[in-house]
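Numbering (full-length UniProt numbering), first residue to last: 1 to 78. No residue lacks a Cβ here, since even glycine has one placed at the ideal position from N, Cα and C. The model shown is predicted, which means the values in this text are computed figures rather than measured ones.
Here it is, written out as structure tokens:
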């Protein structure tokens, strides 16, 4: 099963995910990133921090970029 790394980019800061997670497909990696982004944004709202900004850069073990998931895309404001 492939391993995906969920690195976080906030403005000029890049935080590497050193562990990664084994998932069956890139689609599941995007779903996992979206769920995690929702949790991050919810925590920011609870603590009164700005909820905008930041994104997951999902990469494979060999460093290939699979997708970028902006945190704000995890929130639906319909």
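Restricting to Cα atoms, I'd like to know which of the options is closest to residue i.
{"i": "residue 61", "options": "13, 12, 8 and 20", "result": "20"}
{"i": "residue 44", "options": "75, 5 and 12", "result": "75"}
{"i": "residue 4", "options": "32, 40, 14 and 49", "result": "32"}
{"i": "residue 16", "options": "58, 29, 50 and 36", "result": "58"}
{"i": "residue 6", "options": "36, 24, 13 and 12", "result": "36"}
{"i": "residue 70", "options": "25, 51 and 18", "result": "51"}
Taking the alpha-carbon positions, what's the residue i to residue j distance?
{"i": "residue 72", "j": "residue 2", "result": "26 Å"}
{"i": "residue 48", "j": "residue 40", "result": "12 Å"}
{"i": "residue 12", "j": "residue 54", "result": "10 Å"}
Under the three-state reduction of DSSP, which class applies to residue i: helix, strand or coil?
{"i": "residue 28", "result": "helix"}
{"i": "residue 75", "result": "coil"}
{"i": "residue 33", "result": "helix"}
Tell me the DSSP bridge mates of residue i?
{"i": "residue 22", "result": "3"}
{"i": "residue 51", "result": "None, per the DSSP bridge assignment."}
{"i": "residue 58", "result": "6 and 67"}
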